[in-house]
Structure formats: structure tokens, C-alpha cells
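Colleague: The sequence shown runs 1390 to 1581 under the working numbering.
Glycine included, each C-beta is placed from N, C-alpha and C at the ideal position.
These figures come from a predicted structure and were not determined experimentally.
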Amino acid sequence: MNACTEQEKIKLISQGILIECPSCKVNLIGNKTIGDRNKYTHEFKQIFVISSGTYPDHYRCPFCNSEWQLNEWTKFFAVTDVDKHICYLNPSLIIKQKLDFNKIALIKKLHVLKSRVFEIMENSVTKSALKNGADTVTQIEFMLQEAWGFTKDKNFHCWFEVPKCTCPKMDNRERQGTEYTIISGNCPVHGE
Ligand SMILES: [Zn+2]
Ligand SMILES: [Zn+2]
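1. Would you kindly report the start and end of the unbroken alpha helix (DSSP H) that includes residue 1519?
2. Compute the distance between the beta-carbons of residue 1433 and residue 1407, then report whether it is under 9 Å.
3. Residue 1474 to residue 1544, Cα distance in whole Å?
4. Rounding to the nearest angstrom, what Cα-Cα distance links residue 1527 and residue 1470 in this structure?
5. Let me make sure I understand the geometry here. Which of 1453, 1555, 1562 has the alpha-carbon closest to that of residue 1574?
6. By Cβ distance below 6 Å, which residues in the same chain neighbour residue 1402 in space, the five residues on each side in sequence not counted?
7. Out of curiosity, what's the CA-to-CA distance linking residue 1478 and residue 1577?
8. Report the rounded CA-to-CA distance for residue 1511 versus residue 1571, giving the unit in angstroms.
9. Mind listing which residues have their beta carbon within less than 5 Å of any non-hydrogen atom of ligand 2? Chain order is fine.
10. Which residues mark the beginning and the end of the alpha helix (DSSP H) in which residue 1404 is found?
11. Rounding to the nearest angstrom, what Cα-Cα distance links residue 1476 and residue 1506 in this structure?
12. Do residue 1414 and ligand 1 come close, with the Cβ less than 8 Å from some heavy atom?
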């Protein structure tokens, strides 16, 4: 039998079938009878238990006995910086782009980096500091496109979403993917 590939694991995670125990880190396969679960039971024999009754959303690891709730499933796709929630990565896009665990980890790191540059920009007052921040964000956006397996294309960047930018949001969002942009002359980041 073929071993479950990383892409297949990611698909099982997105379907809520496979989860890494948040406490002891063993891979557990769920008892939902959907998808290709039976194809992988030889690999992930550990079946986790859903406790019934009062806590229908509680799961228990048969190895370490730790319990967790439904939201642990979504954590794989969540990007966080310590306690700060940044965003969720799109599971279908991850599967479509055939990303592996390393690429997902890289994408998460780049989002954390971008969020920290945003924080620096929020606390910046000088035009040069803001422009430097925006340039760094552009470089991170290019790295993100590469990590996702997309063409590196500046026209798809959300450059107008950086802190302190006063350029029109809707108009620029509508023009995404084209080379047309609308810069507000008095924008502290992009203006003159
Ligand atoms: Zn465990
Ligand atoms: Zn701007």
C-alpha cells in the first residue's frame, strides 16, 4: 500500500478527518466515514474518541487522554503570531497549488513577518520610514506569491492595504491584476 503523501494528509486535515494531537502530537484519524478515510487506516491506526453527551464538540486523544475542542481542527490553516490571529490560509487553494508542509510553514512565516512590518508602520511617522515599510511589504508579497506557486506579479499585490495609506481602496481593489493604480497625492506612504 502506498504511504499517505503530504498532499493527501493536508486534504484529510482540511476535511476534518486527520488531526495531530495538540498535546502528544501523534497523527489521529477520525471516525467520520467520509472521503478516503479507509485508505489510510493502516497508516493512522489511532482512532480518536468523540465524547458524547454534554460536550459533543470535545475530542479525546486515546494516547495522552488530553481533550480538545472543534476549533483545534482549523488551527492548521490559521496564521498566528504568539496570541495574535493574523489570517486563515485557504485550504482549497493549498490543495489546488499542491503545497507541502514546508511551503505552508514558509507562507505562515511570511504572513507573520508582514504583520510585524505593518506594526512598525503603524508606529512610524516619517515618510521615509513608511516608504521603507511599504517596500519591505512588497518584497514579502513577492515571496508569498513564489511560495504559493504563483507568478510574481506586483499588479496582484494589496499595496494599498498597508497602514497609513490613504489611497482609494475600492478603486484599487477593482483594478487589481491590471497595471492601473490610483495614488492619492497626499498619501503619506505612496504620495509625493
Ligand atoms: Zn495525545
Ligand atoms: Zn497609499
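Modeller: Checking against the coordinates, here is how it stands:
1. On the sequence shown, residue 1519 is found 130 positions in, with the first residue counted as 1. Where residue 1519 is concerned, the enclosing alpha helix (DSSP H) starts and stops at 1516 to 1537.
2. Taking the sequence shown and counting its residues from 1, the one referred to as residue 1433 is at position 44. Taking the sequence shown and counting its residues from 1, the one referred to as residue 1407 is at position 18. Cβ atoms of residue 1433 and residue 1407: closer than 9 Å.
3. As a first step, residue 1474 must be located in the sequence shown, where it is residue number 85. As a first step, residue 1544 must be located in the sequence shown, where it is residue number 155. Approximately 27 Å, taken between the alpha carbons.
4. The sequence position of residue 1527 within the sequence shown is 138, counting from 1. The sequence position of residue 1470 within the sequence shown is 81, counting from 1. Roughly 20 Å between the two C-alpha positions.
5. Working through the sequence shown from its first residue, we reach residue 1574 at position 185. Residue 1555 is the option with its Cα nearest to residue 1574.
6. For the purposes of this step, residue 1402 is identified with residue 13 of the sequence shown, where counting begins at 1. Here the set comprises 1465.
7. For the purposes of this step, residue 1478 is identified with residue 89 of the sequence shown, where counting begins at 1. For the purposes of this step, residue 1577 is identified with residue 188 of the sequence shown, where counting begins at 1. If I take the Cα positions, the gap works out to 30 Å.
8. Counted from its first residue, the sequence shown places residue 1511 at position 122. Counted from its first residue, the sequence shown places residue 1571 at position 182. Roughly 22 Å separates the two Cα atoms.
9. 1554, 1556, 1576, 1578, 1579
10. Within the sequence shown, numbered from 1, the residue matching residue 1404 stands at position 15. That residue, residue 1404, is in no alpha helix (DSSP H); it is neither H nor E in DSSP.
11. Walking along the sequence shown from the start, residue 1476 turns up at place 87. Walking along the sequence shown from the start, residue 1506 turns up at place 117. Roughly 15 Å separates the two Cα atoms.
12. In the sequence shown, residue 1414 corresponds to position 25, counting from 1. Yes; taking the cut-off as 8 Å, the Cβ of residue 1414 has a heavy atom of ligand 1 nearer than that.
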